[in-house]
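J.: Chains as they are written, first to last, in this note's numbering: chain R, 604 to 718; chain L, 18 to 130.
The structure's right below; bear with me while I get my questions together.
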Amino acid sequence: SQKIEQNSEALNIQEGKTATLTCNYTNYSPAYLQWYRQDPGRGPVFLLLIRENEKEKRKERLKVTFDTTLKQSLFHITASQPADSATYLCALASAEDTGRRALTFGSGTRLQVQP
Amino acid sequence: ETGVTQTPRHLVMGMTNKKSLKCEQHLGHNAMYWYKQSAKKPLELMFVYNFKEQTENNSVPSRFSPECPNSSHLFLHLHTLQPEDSALYLCASSQEVIPYEQYFGPGTRLTVT
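Next comes the structure, spelled out in structure tokens:
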């Protein structure tokens, strides 16, 4: 069955360091992958999108990589700040899913940036 | 108001009650979605509406009944719920263009007693 795995354990890093979060998937051929940020008690907020034919995308301090051979996406936050503390979700859609407008979300990884 | 709004933000209801959740989007989108988020579980897509027509029902029990009177409003009518239905219910909207980047509301925290 299709599966998306994000590290369920919280990631704790020191302010100023680079945070790297992982999204692995199995039995899936995603057409694109999205990353969202979710703060407690709030809805997720879209951050970045990367398509299957793209290796890397950047936006300010954020960088996403997509390796369809490894079936993995990495999400990096450089020069991390305490305000970056949140849960980060990855979401996939296959070419079939796009016709249904359906995204499949991972459970998310909680990031805690210590001052 | 801007973005996607949801009311109420919190709801406690008994198993025999009937209640409704409301969602409104001010982004000019044509697709709207209901998701369920339970503790420690991924977001689960429940329903998708495109131009007011339901295009996806992800095997949701009939005690959840969606309604989309126009492209800006979405309702989720609830009746005879079970305690396991307690969760955060999120509404989202998107443009009618792939990759359907989702814009979420703040959610309704539902507790079924």
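Virtual Cβ for every residue (Gly too), placed ideally from N, Cα, C.
1) Alpha carbons only, please: which of R:Cys-693, R:Gln-715, R:Thr-712 and R:Gln-717 is nearest the one belonging to R:Gln-637?
2) Would you say L:Gly-122 lies against chain R (beta-carbon separation less than 8 Å)?
3) Buried or exposed for L:Ser-55, going by 16 or more other Cβ atoms inside 10 Å?
4) To which residues of the same chain is R:Asn-615 closer than 6 Å at the C-beta, ignoring the five residues directly before and after it?
5) Helix, strand or coil for R:Asp-670, going by three-state DSSP, please let me know.
6) Report the option in R:Tyr-639, R:Tyr-635 and R:Phe-678 whose CA atom is closest to the CA atom of R:Glu-657.
7) Would L:Leu-38 pass as a contact of L:Thr-128 if the rule is Cβ separation under 8 Å?
8) Whole angstroms is fine: what's the gap from R:Arg-661's alpha carbon to L:Lys-36's?
9) DSSP puts L:Phe-121 in a beta bridge; with which residues?
10) Of all Cβ atoms in chain R, is any one closer than 8 Å to the Cβ of L:Lys-57?
11) Would you check if the stretch 53 to 70 of chain L and the stretch 98 to 112 of chain L touch, i.e. whether three or more CB-CB distances between them fall below 8 Å?
12) What are the partner residues of R:Asn-627, as DSSP defines its beta bridges?
13) In this structure, how does DSSP classify R:Glu-655 when only helix, strand and coil are distinguished?
14) Smallest Cα separation from L:Val-65: which of R:Gln-684, R:Ala-705, R:Thr-712 and R:Gln-675?
15) Short check: CB of L:Pro-123 to CB of R:Arg-645, under 8 Å?
16) Helix, strand or coil: which one does DSSP assign to R:Ala-686?
17) I need the straight-line Cα distance from L:Ser-89 to L:Gln-112, nearest angstrom please.
18) Whole angstroms is fine: what's the gap from L:Leu-28's alpha carbon to L:Phe-81's?
19) So R:Gly-770 contacts chain L; which residues on that side make the cut at Cβ distance below 9 Å?
20) Where does L:Glu-118 land, buried or exposed, given buried means 16+ other C-beta within 10 angstroms?
T.: Straight from the coordinates:
1) Looking at the Cα atoms, R:Cys-693 is the closest of the given residues.
2) Yes - at least one Cβ of chain R is within 8 Å of the one on L:Gly-122.
3) Exposed: under 16 other Cβ atoms inside 10 Å.
4) Correct list, in chain order: Gln-715.
5) Strand.
6) Ranking the options by Cα distance to R:Glu-657, first place goes to R:Tyr-635.
7) No, the Cβ-Cβ distance between L:Leu-38 and L:Thr-128 is not below 8 Å.
8) Computed Cα separation, rounded: 43 Å.
9) Under the DSSP definition of a beta bridge, L:Phe-121 partners with L:Ala-109.
10) L:Lys-57 counts as touching chain R.
11) These segments touch.
12) Partner(s): R:Glu-608 and R:Gln-675.
13) R:Glu-655 falls in the coil class under three-state DSSP.
14) Looking at the Cα atoms, R:Ala-705 is the closest of the given residues.
15) Taking C-beta atoms as the reference points, L:Pro-123 and R:Arg-645 count as a pair closer than 8 Å.
16) In this structure, R:Ala-686 counts as helix in the three-state DSSP scheme.
17) Cα atoms of L:Ser-89 and L:Gln-112: separation of roughly 12 Å, rounded to the nearest angstrom.
18) As the crow flies, the alpha-carbon of L:Leu-28 is around 15 Å from that of L:Phe-81.
19) An answer regarding residue 770 of chain R cannot be provided, because it is not within the stretch 604 to 718 covered by chain R.
20) Buried, by the Cβ-count rule.
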